[in-house]
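Visitor:
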Amino acid sequence: MIAETGLAALWLATALAALQLGLACGLGGEEGRRVGTIRAVALSQALLTLFAFGALVMVFLDSDMSVKLVAANSHSEKPWIYKFAGAWGNHEGSMLLWVTVLAVAGAVVALFERRLDERTLGATLGAQAALALGFFAFLLFASNPFERLDPAPLDGRGLNPLLQDPGLAFHPPTLYLGYVGLSVAFSLAVGGLIRGDVSPAIARAMRPWVLAAWIFLTLGITAGSYWAYYELGWGGWWFWDPVENASLMPWLAATALLHSVNVLAARGGLRAWTMMLALVAFSMSMVGTFLVRSGILTSVHAFAVDPTRGTFILALLALYIGGALTLFAFRIAHVKEGAPFEIVSREGALVANNLLLSVILGTVFVGTLYPLIAEALFGEKLSVGPPYFDSVAGPLALVLAALMMIGPQLRWRRDKTAILPRWAPGILVAIAVLVGSFILNPHIGLLPRLGLAIGAGLIPASLQPLLGRSLRRTPLAVWGMALAHLGVAVAILGMASDSAFTREKLAAVRRGEIVEVGPWFVRLQEVMPVAGPNWTAIEAELRASTGSGLTVLKPQSRFFPSPPTTTNEAAIDTRWNGQLYAVLGEPDGQGRWQVRLWWKPFVTLIWLGGILIGLGGVLALVGRLLRERRQRIRGEEAFA
1186 MIAETGLAAL
1196 WLATALAALQ
1206 LGLACGLGGE
1216 EGRRVGTIRA
1226 VALSQALLTL
1236 FAFGALVMVF
1246 LDSDMSVKLV
1256 AANSHSEKPW
1266 IYKFAGAWGN
1276 HEGSMLLWVT
1286 VLAVAGAVVA
1296 LFERRLDERT
1306 LGATLGAQAA
1316 LALGFFAFLL
1326 FASNPFERLD
1336 PAPLDGRGLN
1346 PLLQDPGLAF
1356 HPPTLYLGYV
1366 GLSVAFSLAV
1376 GGLIRGDVSP
1386 AIARAMRPWV
1396 LAAWIFLTLG
1406 ITAGSYWAYY
1416 ELGWGGWWFW
1426 DPVENASLMP
1436 WLAATALLHS
1446 VNVLAARGGL
1456 RAWTMMLALV
1466 AFSMSMVGTF
1476 LVRSGILTSV
1486 HAFAVDPTRG
1496 TFILALLALY
1506 IGGALTLFAF
1516 RIAHVKEGAP
1526 FEIVSREGAL
1536 VANNLLLSVI
1546 LGTVFVGTLY
1556 PLIAEALFGE
1566 KLSVGPPYFD
1576 SVAGPLALVL
1586 AALMMIGPQL
1596 RWRRDKTAIL
1606 PRWAPGILVA
1616 IAVLVGSFIL
1626 NPHIGLLPRL
1636 GLAIGAGLIP
1646 ASLQPLLGRS
1656 LRRTPLAVWG
1666 MALAHLGVAV
1676 AILGMASDSA
1686 FTREKLAAVR
1696 RGEIVEVGPW
1706 FVRLQEVMPV
1716 AGPNWTAIEA
1726 ELRASTGSGL
1736 TVLKPQSRFF
1746 PSPPTTTNEA
1756 AIDTRWNGQL
1766 YAVLGEPDGQ
1776 GRWQVRLWWK
1786 PFVTLIWLGG
1796 ILIGLGGVLA
1806 LVGRLLRERR
1816 QRIRGEEAFA
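Here the sequence shown is numbered in my numbering, starting from 1186 and rising by one per residue.
What follows is the structure in structure tokens.
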């Protein structure tokens, strides 16, 4: 009965989403339009959706094989963590998680948002209900997660072995929190455009949602990158896979929106641009949803499904995004012009930041979708891979990083003071590293060399806003900005180091033979069979040394019987200055085993940088919320 109860909760939540939309549109007259009524409906909808998602988790934990989704994606002998995470490691479950986050986000807005005019808030909640209604309909009519099987199989097929990793419990939910967090910014933009209320108040209401979504996207992409790095066994941290790009595009749009919404909230500028970015950011989330769940892509990330579901999602994308852009076109002329500013100013630097991010976003968007469109229209199979993205997006990203060295040093509105002394530390460090790189290693490629220089120069530049301040009294938002920019510098240094200094060796070796890679000498000691909880494997014992001390690596080639799958499990030894990465291949029939080795200097800086960026966002978010709380308390005390 758990599945039927969950399905009933979904139907009730759908009815409440329709009611919420109707009330926002004027159903029931002024009484129905009252925000208090809409708030109650939004909260009830969220509770019912949470209940439905909880029911799905329960049928997975109980291994109820009479539920089609459980039988297709789980197995009674799976460890409980994979049963739990398996609830969203599939198409239907992930979409239910999506709409659950969407409904909860709408309820949080309904309960806690007090900065907006009631009519604007009502329009916002109506837009959020419209989004939820479409996804509820998709679940109920095209992707029912509670569909039964009769007769039920004795056991399930099991979860994709590539997804049998603790990363499944963290990576997808974190990304969904980011994707759907942008839905609130979208709904606020729609509500503001409907009411003609594009003001700093809208931006202040939007800012914490954008910042929170950006934090989750940053951490989710960082975790996903490392998961793919150690799980897939190909030694790379980013491959420009279309589904990887599907998560990168919303992040790029959210990054631009985050900077733009700060200008609107603090200075009243960039009003039309901020509204457009709010629509675009969620549009990229919808595009990502279409790519992953339409069946047009097949990858470890994607859920290949029937064309009907892809058509349904495409229709939702056209309805929501097309409708929002049409609203923008008709209403933006009525939006008041924002406060003016000069080119040499903080606002001018943020506009340049936004333009560069938008060009990078456009580059990734075209490179991701063009092959799919060409194949659909002309039957031509095209491949757009790392060479295109690296050569086009790479230089733009470095220009953007260079701009980060100088932008935060500028003052608002206009800056007529001497600015070169403020830029000097970062520029001098960048020049010194650039010259030093030519002296120490003249064979490095151009982009990695520039990455090393700009990343190094960005470190002092990112800390520059903290100088001359009382550090104890410095706002958390300033600390957050400095830490996030420092994280960008660290990540760039990791990317550049990986590209410039990585050494790779592929060899066929017998037991006892030694392979050299970078500063390491690696000996194949033994190859033996081992068994795990739901897999068997061939495991190699590699003994590695740089001349002092000994490190043991045990890469595996695993076989999972349910479903039958073979995977490579990389063995990684992490040091302060990089990672030794080993993968076991196939035997060659002559007593030798294929072994692939990488020495990757400072590659861990990539993920350390991502974590620092996310932590910087957390500091900024906490600082903003505490500041607003203090302001609210002072306002209440003034009228006490």
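Built from N, CA and C at the ideal position, the CB exists for glycine as well.
Quantities reported herein were computed from a predicted structural model and do not represent experimental measurements.
Counting pairs of beta carbons, one from the stretch 1643-1661 and one from the stretch 1796-1809, are three or more of them closer than 8 Å?
Guide: They touch, by the three-pair rule.
Visitor: With Ala-1466 and Leu-1442 assumed to form a contact (beta carbons below 8 Å), what rounded beta-carbon distance in angstroms separates them?
Guide: The sequence position of residue 1466 within the sequence shown is 281, counting from 1. The sequence position of residue 1442 within the sequence shown is 257, counting from 1. Indeed they touch by this definition, with Cβ atoms about 5 Å apart.
Visitor: What is the DSSP secondary structure of Gln-1775, reduced to helix, strand or coil?
Guide: Here residue 1775 refers to the residue found at position 590 when the sequence shown is read from its first residue. If DSSP states are grouped into helix, strand and coil, Gln-1775 belongs with coil.
Visitor: Rounding to the nearest angstrom, what Cα-Cα distance links Pro-1385 and Val-1448 in this structure?
Guide: Translated into the one-based positions of the sequence shown, residue 1385 becomes position 200. Translated into the one-based positions of the sequence shown, residue 1448 becomes position 263. Pro-1385 and Val-1448: Cα-Cα distance of roughly 9 Å.
Visitor: For Glu-1303, which residues from the same chain have a beta carbon less than 6 Å from its beta carbon, with the 5 sequence-adjacent residues on both sides left out?
Guide: Translated into the one-based positions of the sequence shown, residue 1303 becomes position 118. Correct list, in chain order: Val-1220.
Visitor: Between Gly-1473 and Ala-1431, is the Cβ-Cβ spacing less than 8 Å?
Guide: Taking the sequence shown and counting its residues from 1, the one referred to as residue 1473 is at position 288. Taking the sequence shown and counting its residues from 1, the one referred to as residue 1431 is at position 246. Yes; because the gap between Cβ atoms is below 8 Å, this pair is in contact.
Visitor: With 16 as the cutoff for other CB atoms within 10 Å, does Gly-1611 come out buried or exposed?
Guide: Within the sequence shown, residue 1611 is the residue found at index 426, counting from 1. Buried, since its Cβ has 16 or more Cβ neighbours within 10 Å.
Visitor: Quick one: what does DSSP say Asp-1575 is sitting in, helix, strand or coil?
Guide: Locating residue 1575 in the sequence shown gives position 390, counting from the first residue. Three-state result, Asp-1575: helix.
Visitor: Exposed or buried, what is His-1356 when buried is set at 16 or more other beta-carbons lying within 10 Å of its beta-carbon?
Guide: Taking the sequence shown and counting its residues from 1, one reaches residue 1356 at position 171. Answer is buried; the Cβ neighbour count reaches 16.
Visitor: For Ala-1202 and Ala-1314, I'd like the C-alpha separation in whole angstroms.
Guide: As a position in the sequence shown, residue 1202 is number 17, starting the count at 1. As a position in the sequence shown, residue 1314 is number 129, starting the count at 1. In a straight line, the C-alpha of Ala-1202 is about 5 Å away from that of Ala-1314.
Visitor: Short check: CB of Leu-1246 to CB of Trp-1265, under 8 Å?
Guide: Position 61 of the sequence shown, counted from the start, is the residue given in the question as residue 1246. Position 80 of the sequence shown, counted from the start, is the residue given in the question as residue 1265. Contact: yes.
Visitor: Given 8 Å as the limit, is there contact between the stretch 1408-1418 and the stretch 1351-1365, that is, 3 or more CB pairs closer than that?
Guide: Cβ pair count under 8 Å is three or more, so yes.
Visitor: Judging by CA-CA distance, which residue of Gly-1291, Ser-1259 and Arg-1634 is the nearest neighbour of Ala-1231?
Guide: Here the question's residue 1231 lines up with position 46 in the sequence shown. Considering only alpha carbons, the answer is Gly-1291.
Visitor: On a CA-only basis, which of Leu-1362, Gly-1363, Leu-1360 and Arg-1389 is nearest Ala-1374? Give me that one, please.
Guide: Working through the sequence shown from its first residue, we reach residue 1374 at position 189. Taking only the C-alpha atoms, the option nearest Ala-1374 is Arg-1389.
Visitor: Output the boundary residues of the beta strand (DSSP E) element that contains Pro-1746.
Guide: Residue numbering aside, residue 1746 sits at position 561 when the sequence shown is read from its first letter. From DSSP, the beta strand (DSSP E) with Pro-1746 extends over 1741-1746.
Visitor: So, with DSSP's three-state summary, where would you put Asp-1758?
Guide: Looking up residue 1758 in the sequence shown gives position 573. Of the three classes helix, strand and coil, the one that applies to Asp-1758 here is strand, per DSSP.
Visitor: By Cβ distance below 6 Å, which residues in the same chain neighbour Ala-1646 in space, the five residues on each side in sequence not counted?
Guide: The residue labelled residue 1646 in the question sits at position 461 within the sequence shown. Met-1590 and Gly-1611, listed in sequence order.
Visitor: Can the beta-carbon of Gly-1319 be found closer than 8 Å to that of Leu-1504?
Guide: Counting from one through the sequence shown, the residue named residue 1319 turns up at place 134. Counting from one through the sequence shown, the residue named residue 1504 turns up at place 319. Yes, Cβ-Cβ distance for Gly-1319 and Leu-1504 is below 8 Å.
Visitor: Just to confirm my understanding: we take Arg-1777, look at its own chain, exclude 5 residues before and 5 after, and list those with CB closer than 7 Å. What are they?
Guide: By one-based count along the sequence shown, residue 1777 stands at place 592. Excluding residues within five positions, the ones whose Cβ falls inside 7 Å are Ala-1693, Val-1694 and Arg-1695.
Visitor: Can you list, in chain order, the stretches of the alpha helix (DSSP H) that have 4 or more residues and sit fully within the stretch 1260-1334?
Guide: Correct list: 1265-1270, 1276-1297 and 1303-1327.
Visitor: Of all the alpha helix (DSSP H) runs that stay within the bounds of the stretch 1581-1667, which reach a length of 4 or more residues?
Guide: Here the runs fully enclosed are 1605-1625 and 1631-1648.
Visitor: Can you pull the DSSP bridge partners for Ser-1730?
Guide: In the sequence shown, residue 1730 corresponds to position 545, counting from 1. Its beta-bridge partners are Phe-1706.
Visitor: What is the DSSP secondary structure of Trp-1419, counted as helix, strand or coil?
Guide: Position 234 of the sequence shown holds residue 1419. The answer is coil: DSSP assigns Trp-1419 none of H, G, I, E or B.
Visitor: Tell me whether Leu-1661 counts as near the ligand ATP, meaning its Cβ is closer than 7 Å to at least one heavy atom of that ligand.
Guide: Because no ligand of any kind appears in the structure shown, any question about the ligand ATP cannot be addressed here.
Visitor: Can you tell me the Cα-Cα spacing of Arg-1817 and Ala-1667, whole angstroms?
Guide: Along the sequence shown, one-based indexing puts residue 1817 at 632. Along the sequence shown, one-based indexing puts residue 1667 at 482. Near 27 Å, if we compare the C-alpha coordinates of Ala-1667 and Arg-1817.
Visitor: On the three-state DSSP scale, how would you describe Gly-1770?
Guide: Within the sequence shown, residue 1770 is the residue found at index 585, counting from 1. Strand, per DSSP.
Visitor: Can you pull the DSSP bridge partners for Ile-1699?
Guide: For this step, residue 1699 is matched to residue 514 along the sequence shown. For Ile-1699, which the question treats as bridged, DSSP gives the partners Arg-1708.
Visitor: For Leu-1691, collect the residues of the same chain with a Cβ closer than 6 Å to its Cβ; drop the 5 residues on either side in sequence, then sort them by chain order.
Guide: To locate residue 1691, count along the sequence shown from 1; it is residue 506. Excluding residues within five positions, the ones whose Cβ falls inside 6 Å are Arg-1781.
Visitor: Assign Ile-1798 to buried or exposed, taking buried as 16 or more other Cβ atoms, counted over all protein chains shown, within 10 Å of its Cβ.
Guide: On the sequence shown, residue 1798 is found 613 positions in, with the first residue counted as 1. Ile-1798 comes out buried.
Visitor: Report the three-state DSSP secondary structure of Gln-1764 (helix, strand or coil).
Guide: Residue mapping note: residue 1764 aligns to position 579 of the sequence shown, counting from 1. DSSP places Gln-1764 in strand when its eight states are reduced to three.
Visitor: Taking Cβ to Cβ, would you say Leu-1233 is nearer than 8 Å to Ala-1198?
Guide: Numbered from its first residue, the sequence shown carries residue 1233 at position 48. Numbered from its first residue, the sequence shown carries residue 1198 at position 13. In this structure, Ala-1198 lies closer than 8 Å to Leu-1233 by Cβ.
Visitor: With DSSP as the reference, label Leu-1811 as helix, strand or coil.
Guide: Your numbering for residue 1811 matches position 626 in the sequence shown. Looking at Leu-1811 - three-state DSSP - the assignment turns out to be helix.
Visitor: Return the first residue and the last residue of the alpha helix (DSSP H) that Leu-1228 is part of.
Guide: Here residue 1228 is taken as the residue at index 43 of the sequence shown, counted from 1. First-last of the alpha helix (DSSP H) with Leu-1228: 1220-1246.
Visitor: Mind checking which residues open and close the beta strand (DSSP E) that includes Val-1737?
Guide: As a working mapping, residue 1737 is identified with position 552 in the sequence shown. That run of the beta strand (DSSP E) goes 1736-1738.
Visitor: Kindly identify the DSSP beta-bridge partner or partners of Pro-1749.
Guide: By 1-based counting over the sequence shown, the position of residue 1749 is 564. According to DSSP, which records beta bridges pairwise, Pro-1749 is partnered with Pro-1746.
Visitor: Locate the alpha helix (DSSP H) running through Ala-1374, then write down its first and last residues.
Guide: Translated into the one-based positions of the sequence shown, residue 1374 becomes position 189. It spans 1352-1380 - the alpha helix (DSSP H) in which Ala-1374 sits, taken as one unbroken run.
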